[in-house]
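There are 2 protein chains.
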Amino acid sequence: MSYVDIIEIGSGCCYGFDVLDHTQTVRIDARATSPIVATPRAGLPPQRATLADVARLAGVSAKTVSRVMSDDAKVSAQTRERVLLSAKRLRFRPNQLARGLRRGGVSNTVAFVIGDLHNPFYMSTAAGVERELAERGLTMILATTDDSPGSEAVVVDALLAQRVRALLIVPIAEDQSYLEGERQLGTAVVSVDRPANNLVSDSVVLQNREGTAAAVKSLLAIGHRRIGFVCSPRQLYTHQERLLGYRHALLEAGITDSVRWERLEEIDGPSTEESIRDLLAMDEPPTAIITGNNRASAGAVRELLTRRRDIAFIGFDDFELADALGISVIAYDAMELGRQAARLALARLDDPTGPPRAISIPTWLVPRGSGEIPPS
Amino acid sequence: MSYVDIIEIGSGCCYGFDVLDHTQTVRIDARATSPIVATPRAGLPPQRATLADVARLAGVSAKTVSRVMSDDAKVSAQTRERVLLSAKRLRFRPNQLARGLRRGGVSNTVAFVIGDLHNPFYMSTAAGVERELAERGLTMILATTDDSPGSEAVVVDALLAQRVRALLIVPIAEDQSYLEGERQLGTAVVSVDRPANNLVSDSVVLQNREGTAAAVKSLLAIGHRRIGFVCSPRQLYTHQERLLGYRHALLEAGITDSVRWERLEEIDGPSTEESIRDLLAMDEPPTAIITGNNRASAGAVRELLTRRRDIAFIGFDDFELADALGISVIAYDAMELGRQAARLALARLDDPTGPPRAISIPTWLVPRGSGEIPPS
DNA sequence: CTGTTAGCGCGTTCAT
DNA sequence: ATGAACGCGCTAACAG
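Chains as they are written, first to last, in numbering that gives the first Met the number 0: chain C, 0 to 375; chain B, 0 to 375.
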């Protein structure tokens, strides 16, 4: 048996209405001197209506139809009505490809390039992007690099060939200078979540340092002195910022040997669970642990929730069920990240020469219990 | 202070090159009668290079360049080299819009219309769609209806105006007959997760009944007789199928009054938590509960995990942390759902007149503990 | 193997 | 207020 069940419904002739009927239909087309049969090959669908088709039916010129479709004011209400009626009859739909081509060769799509579709954080961001774009009649294309630095340029290349108006990108490759040319050609480029490398561009990032610093301070306030930091492999920038916030807050409190409790995982290195076990097996184990991203938080939940409920725990990135499980987190508005990114792109399209702007999105601590456990 | 921090980096003149320069530069273009001047910076033209530009630089005709770019075999290795070199120099990128327009007025994008970007289930499906499309050089456009039946037609309309090659849609409106015309015009339509209403189309759905039936049977096998079913509002079809599987399995075991333990939530009705409390407050409360989707599962986790660990619980849809929390679920390969949907669309493009196909994706029970709790 | 001509569907320019 | 001609960038259909 095959992996999936496939069922054919009915026979060919039952699919939709009989296509043979169609071949008898006549396309409204002045270019034809005699009534033409819709398709030479049986089974091919009829053609889409064009501006010219609508114009003919309405008895006006193509340009007039164009004006009506573009909401150009200079059309009499009477002809406008006639045109709209004809358009509706023919199920006319302006071809955005042709429109874009004529208007400078660009589409009305914006690309958002992320590393991984499964990360809920990116999804909320994408939702924000989409909503913001929709208000301007733009469509979002979501593309992924599969978190592989090598595929970034390939993916971006395909998108640029589509003539996306703007490129919102979570940089993954080590160098984005290849986008400089595109930027000059009028494509708005916005780096999201991390700044681009070797490329001056608008950007939106989180207040990462502030987030971990707030978590550390909160833990210090209830008496913790040995605080661990565990982070799954993600990207240098986010890692480092969050680490810096952690270190800085500890230094401010006079704790200078925090490096002992730092566990920054490499790809293919030990898992979060292993890192945490490692930390807790130390001579002077931490009494509290901060995780640097949602993946590490999942690992921490697995390791701590069931066995060590005496260890305080705060995770970066909010997640579903965190409230149900009583996990304190450093949260932020991921959707706002997307909205702001889209807004930067739109502003850039309106003003290609203005100075680049960097927006940072606030982060805050959400106490839910796990972060309020005192040192034992 | 505003909600976000905005920082302007540097002054205007530092952002890329000065646009005033631009107006002085002359585009590399034979149509220009005056001597051709390259751009002041790096020799890059401010305009995008076109086929004609490349052709001129390579000393061939536009068509030859076209052939090279389309990997048309009938070009000598020598001219091919020259063309490729010129293309690289000018950073030429074929305009997919123009290409699509010429080749029948369609783009090379495929739309996937879902209800909600936040649902991880759809995200995995989208990942499957994207991967499958990428192999054919197609791009995915992800659009959302915000789970609002009214916006479906609006969203779809915008996508059709983009001339997407195919439309993969999770139907939300009560009627998809408006797509019949588009199908006939050659747009492949595939309904995902639910069959379309009043429209004959290819479709991919889950084996919903089999999933709940398996869960019920597993619970019956360890002695449960009173089994509850709770489902958050989603869509009639999925609801009903899962409910039918549940009822059928109970009937087979001779349990005919299961309707007492069914809680099918309406929008704005009681929450899952309330439904569960309601069930457990009955005279003869269920000893096991099945949730019909991931949202209901989240509610059940909130309600059961902390207080009532004596109640067996199986959720439909797998979710992150389900393993860490020991939650038994009815799982399936969400990505495969997307892959199959994309494959159906591609097959439909190749053969517009074949019979419609319906694919169903297997579901299976993943025992992790919560579903193996015996009746108390 | 390569070039020429024409036109995809639409919007711009200029005319009326 | 409306229309005719032209061209956006590219490729199909024919040349040669």
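All C-beta atoms, glycine included, are put in the ideal place defined by N, C-alpha and C.
From residue i to residue j, what does the alpha carbon distance come to, in whole angstroms?
i: His376 of chain C; j: Ala214 of chain C; result: Not covered by the structure: residue 376 of chain C. The range shown for chain C is 0 to 375.
i: Asn94 of chain C; j: Thr186 of chain C; result: 22 Å
i: Arg338 of chain B; j: Ser123 of chain B; result: 10 Å
i: Thr367 of chain B; j: Thr255 of chain B; result: Per the sequence shown, the amino acid found at residue 367 of chain B is Arg instead of Thr. For Arg367 of chain B and Thr255 of chain B, the distance between alpha carbons rounds to 28 Å.
i: Arg115 of chain B; j: Thr63 of chain B; result: This sequence places Asp at residue 115 of chain B; Arg is not what is there. C-alpha separation (whole angstroms): 46 Å.
i: Asp277 of chain C; j: Met139 of chain B; result: 43 Å
i: Asn377 of chain B; j: Gly353 of chain C; result: Outside the shown range of chain B (0 to 375) lies residue 377 of chain B, about which nothing can therefore be said.
i: Val163 of chain B; j: Tyr331 of chain C; result: 35 Å
i: Thr211 of chain B; j: Arg246 of chain B; result: 9 Å
i: Leu167 of chain B; j: Pro351 of chain B; result: 15 Å
i: Asp192 of chain C; j: Glu131 of chain B; result: 27 Å
i: Val199 of chain C; j: Phe228 of chain C; result: 32 Å
i: Val36 of chain B; j: Arg66 of chain B; result: At Val36 of chain B the pLDDT is 31, less than 50, meaning the model places this residue with poor confidence; the figure from the coordinates comes in the next sentence. So the two alpha carbons sit approximately 28 Å from each other.
i: Ala318 of chain B; j: Thr305 of chain C; result: Just to set this straight, residue 318 of chain B is Phe in the shown sequence, not Ala. If you take the alpha carbons of Phe318 of chain B and Thr305 of chain C, they lie about 18 Å apart.
i: His21 of chain C; j: Pro45 of chain C; result: Bear in mind that a pLDDT of 28 at His21 of chain C, under 50, signals an unreliable position, so the number given afterwards is only what the model happens to contain. Looking at the two C-alpha atoms, the distance is approximately 7 Å.
i: Gly268 of chain C; j: Ser231 of chain C; result: 9 Å
i: Leu84 of chain C; j: Gly104 of chain C; result: 30 Å
i: Val188 of chain B; j: Gln161 of chain B; result: 15 Å
i: Leu249 of chain C; j: Ile288 of chain C; result: 13 Å
i: Arg88 of chain B; j: Arg182 of chain B; result: 42 Å
i: His117 of chain B; j: Ala61 of chain C; result: 43 Å
i: Arg308 of chain B; j: Val112 of chain C; result: 43 Å
i: Ala142 of chain C; j: Leu141 of chain B; result: 9 Å
i: Glu283 of chain C; j: Arg301 of chain C; result: 22 Å
i: Ala165 of chain B; j: Leu50 of chain B; result: 28 Å
i: Leu364 of chain B; j: Ala321 of chain C; result: 25 Å
i: Ile326 of chain B; j: Ala323 of chain C; result: 14 Å
i: Pro257 of chain C; j: Thr362 of chain C; result: As written in the sequence, residue 257 of chain C is Ser, which differs from the Pro given in the question. Distance between the alpha carbons of Ser257 of chain C and Thr362 of chain C is about 23 Å.
Residue i: which of the options sits nearest, CA to CA?
i: Glu272 of chain B; options: B:Ser123, B:Ala299 and B:Thr286; result: B:Ala299
i: Glu134 of chain C; options: C:Val82, C:Val109 and C:Asn118; result: C:Val109
i: Glu173 of chain C; options: C:Leu184, C:Ala195, C:Asn207 and C:Leu243; result: C:Ala195
i: Asn107 of chain B; options: C:Leu56, C:Ser217, C:Leu96 and C:Gly149; result: C:Leu96
i: Met334 of chain C; options: C:Pro119, C:Glu240, C:Arg308 and C:Thr144; result: C:Pro119
i: Lys216 of chain B; options: B:Leu345, B:Val82, B:Gly370 and B:Val74; result: B:Gly370
i: Asp146 of chain B; options: B:Val169, B:Ala157, B:Leu159 and B:Ala125; result: B:Val169
i: Ile372 of chain B; options: B:Leu178, B:Ala86, B:Asp282 and B:Leu218; result: B:Leu218
i: Ile226 of chain C; options: C:Pro361, C:Gly180, C:Pro285 and C:Thr78; result: C:Pro285
i: Gly136 of chain B; options: C:Leu158, C:Gly149 and C:Glu151; result: C:Leu158
i: Ala86 of chain C; options: C:Leu279, C:Leu345, C:Glu240 and C:Ala48; result: C:Ala48
Assign residue i to buried or exposed, taking buried as 16 or more other Cβ atoms, counted over all protein chains shown, within 10 Å of its Cβ.
i: Ser375 of chain B; result: exposed
i: Asp378 of chain C; result: Because chain C is modelled from 0 through 375, residue 378 of chain C falls outside the range shown and cannot be assessed.
i: Glu265 of chain B; result: exposed
i: Gly291 of chain C; result: buried
i: Ala41 of chain C; result: Only weak support is given to the placement of Ala41 of chain C: the predicted model assigns it a pLDDT of 37, under 50, and the value that follows is read from those uncertain coordinates. Ala41 of chain C comes out exposed.
i: Pro34 of chain C; result: For Pro34 of chain C, the pLDDT reaches just 32, beneath the cut-off of 50, and the residue's location in the model is therefore unreliable, although a value from the coordinates is still provided. Exposed.
i: Ala220 of chain C; result: exposed
i: Leu303 of chain C; result: buried
i: Glu80 of chain C; result: exposed
i: Glu251 of chain B; result: exposed
i: Ser69 of chain C; result: exposed
i: Thr38 of chain B; result: Because the pLDDT of Thr38 of chain B is 33, which lies under 50, any placement of that residue in the model is unreliable, and the number read from its coordinates should be weighed accordingly. Buried, because 16 or more other Cβ atoms sit within 10 Å of the Cβ of Thr38 of chain B.
i: Trp260 of chain B; result: buried
i: Ala397 of chain C; result: A question about residue 397 of chain C goes unanswered here, because the residues of chain C that appear run from 0 up to 375.
i: Arg102 of chain C; result: exposed
i: Leu178 of chain C; result: buried
For residue i, which residues does DSSP report across the bridge?
i: Gly227 of chain C; result: C:Ile288
i: Val109 of chain C; result: C:Met139 and C:Ala165
i: Glu261 of chain B; result: B:Phe228
i: Ala172 of chain C; result: DSSP output for Ala172 of chain C lists no bridge partner at all.
i: Gly104 of chain C; result: The partner list for Gly104 of chain C (beta bridge, DSSP) is empty, contrary to what the question assumes.
i: Tyr331 of chain C; result: C:Thr362
How close, in whole Å, do the beta carbons of residue i and residue j come, if the pair is a contact with beta carbons under 8 Å?
i: Ala341 of chain B; j: Val153 of chain B; result: At roughly 24 Å, the Cβ-Cβ gap does not stay under 8 Å, so Ala341 of chain B and Val153 of chain B are not in contact.
i: Arg262 of chain B; j: Ser274 of chain B; result: 4 Å
i: Leu348 of chain B; j: Ile358 of chain B; result: In fact, because the Cβ distance is near 16 Å, the residues do not count as touching under 8 Å.
i: Val328 of chain C; j: Ile310 of chain C; result: Not confirmed; about 16 Å, so no contact.
i: Val59 of chain C; j: Phe91 of chain C; result: In fact, because the Cβ distance is near 13 Å, the residues do not count as touching under 8 Å.
i: Ser202 of chain C; j: Ser190 of chain C; result: 4 Å
i: Val82 of chain B; j: Ala57 of chain B; result: 5 Å
i: Ile360 of chain C; j: Gln206 of chain C; result: 7 Å
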